[in-house]
Structures are given as C-alpha cells and as structure tokens.
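One structure is given below, encoded as structure tokens.
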Amino acid sequence: AQSVTQLDSQVPVFEEAPVELRCNYSSSVSVYLFWYVQYPNQGLQLLLKYLSGSTLVKGINGFEAEFNKSQTSFHLRKPSVHISDTAEYFCAVSEYGGSQGNLIFGKGTKLSVKP
Amino acid sequence: GAVVSQHPSWVICKSGTSVKIECRSLDFQATTMFWYRQFPKQSLMLMATSNEGSKATYEQGVEKDKFLINHASLTLSTLTVTSAHPEDSSFYICSAHSGSGVGELFFGEGSRLTVL
Chain W
1 AQSVTQLDSQ VPVFEEAPVE LRCNYSSSVS VYLFWYVQYP NQGLQLLLKY
51 LSGSTLVKGI NGFEAEFNKS QTSFHLRKPS VHISDTAEYF CAVSEYGGSQ
101 GNLIFGKGTK LSVKP
Chain S
1 GAVVSQHPSW VICKSGTSVK IECRSLDFQA TTMFWYRQFP KQSLMLMATS
51 NEGSKATYEQ GVEKDKFLIN HASLTLSTLT VTSAHPEDSS FYICSAHSGS
101 GVGELFFGEG SRLTVL
C-alpha cells in the first residue's frame, strides 16, 4: 500500500520569496507522482506530474518538482511566489499501471502568500 | 482545460433524509468518474469508481447501500447518500478522466454536506 506525507500543513511566505512544499511517499511498487492545487471554491487542478524520465518536472504557473527516489520525496518548489499562488496544494501518488483514479493523497499544505 | 461541475456545492439536510449530488463533465465524455470524501484536515479518500453503464466499484469499507452511485450517461454520475446521519457530514468531491494522459483527472468543485 502507498502513503503520502505532506510535512507542513501550513506555509506562510512573503510575496516574491521562494517556497518549497515537502512531500514524501512510501510504496513497495513503482508509482506515479502528482501535485494538485486547489484555489478557494474551486476543484483540484493538476500542477505537474512525474511518470518517468527526467526527475525534474516543470508544471504550470512556474512550479517545479523533483523526484528523489532514494529519499522517496517529490518536493514542490517555486523561486518567487505571487499573491495569486495562495491555495491548498496536494501531493498524490498512484500505483504504476493501477487505476487512473486511485490516487493516494496527502493531507494538503495551505500556502499563504502575504504582501 | 476540461471542466467538471458538481451540484449542489453545499447542502444541509435532516438526519434520515437522502441527498443526491451530481457530477457532470461539461466538455468531454467520461466513461469513468471517481468519488472521494474529505474530512476536515484529512486527505481525500477514494470512495468508489463509477463506470458508465455498469455498477460502481466501491473501496473497502465504503457501504454501497449507503452511498448509491449511478453513472447513467457519459457526462453524468450521481452520488446519493441514503438515510443520512451526522457522521456522513463531509466534503464530497468527484473527478473524471478524459481518457488521455496518466493522472489527467479533472475535479469538480466539491459538495459540502451537513447533516443535522
């Protein structure tokens, strides 16, 4: 079985500062990794995903994440955040070759960007 | 991108009544939709996989008689919480797969159910 740990439930940061949202996972099989973002009163949107290949993945809105197999991590980063990045971010994994919808989600990290 | 819409976004009902939540894919056909439940400060938990034209597949521990799922068309899946009780109060979210791309799930806005 897989599990996902998002180490920080809330991350406050000032505008234009860099940010890293941490995600660790555990699994006995190969997995796909995802980051989703949920803006207030909206559904989850896919930010980026790692399926295979290059361990550095670039997503929308200037976000990127790096897959580190030895540390079983998939941390999300942005070099300079904007007020509009204020949202909740969810890390998720799915088993390689498994059901498309059977994503295991972390508990989420609320990013608050302050002016 | 593709749009998935849920309705209602929030609902309050009395204990013992049934509540129906709709999930629609607005600009694509979804043979498979998924229903999740999210408790406060918890992660989303997959409840069931809804397949158009066939019975839903429920995750372990989810009562199929309590959470009725119907996927009557390629753009609509419904979740009915039957004989709701206060412990059923939660945030219910649906998603749909467009058929292309691993993990390319499109999520609805969620429906918050409060059972009094």
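Protein sequences appear in the order of chains W and S.
Here the first sequence is numbered in this note's numbering, starting from 1 and rising by one per residue.
Here the second sequence is numbered in this note's numbering, starting from 1 and rising by one per residue.
We put the CB at the ideal spot given by N, CA and C, even for glycine.
As DSSP reads the structure, I12(S) sits in a beta bridge with T114(S). When Cβ-Cβ separations below 8 angstroms define contact, F63(W) makes no contact with chain S. Between the stretch 9-25 of chain S and the stretch 73-84 of chain S, the count of Cβ pairs shorter than 8 angstroms is three or higher; the stretches touch. Distance between C23(W) and L46(W), taken at the CA atoms: about 16 angstroms.
Q42(W) and G108(S) have their C-alpha atoms spaced approximately 8 angstroms apart.
The C-alpha of E88(W) is placed about 7 angstroms away from the C-alpha of Y39(W). With a cutoff of 8 angstroms on beta-carbon distance, T49(S) and F67(S) are scored as not near each other.
About 29 angstroms separates the beta carbons of F14(W) and Y50(W), which is beyond the 8 angstroms limit, so they are not a contact pair. When DSSP reads this structure, V19(S) sits in a beta bridge with V81(S). By the rule that beta-carbons nearer than 8 angstroms mark a contact, K107(W) touches chain S. Per DSSP, C23(W) has no beta bridge partner at all. With the criterion set as a beta carbon lying under 9 angstroms from some beta carbon of chain S, the members of the stretch 41-54 of chain W are N41, Q42, G43, L44, Q45, L46, K49, L51, in sequence order. Residue-level contact check: N102(W) touches chain S, since one or more beta carbons of chain S fall below 8 angstroms from its beta carbon. In the three-state DSSP reduction, P18(W) falls in the coil class, being neither helix nor strand. Assigned with DSSP and collapsed to three states, P40(S) falls in coil, not helix or strand. Chain-order list of chain W residues neighbouring F107(S): G43, L44, by C-beta distance under 7 angstroms. The DSSP-derived three-state label of S28(W) is coil. In this structure, E20(W) keeps its C-beta atom at 8 angstroms or more from the C-beta atom of V81(W). Per DSSP, the beta-bridge partners of N51(S) are T32(S).
The shortest C-alpha to C-alpha distance from G61(S) to any of M47(S), T31(S), S9(S), Y92(S) is the one to M47(S). Looking at the backbone, the Cα of I60(W) and that of L48(W) are separated by about 7 angstroms.
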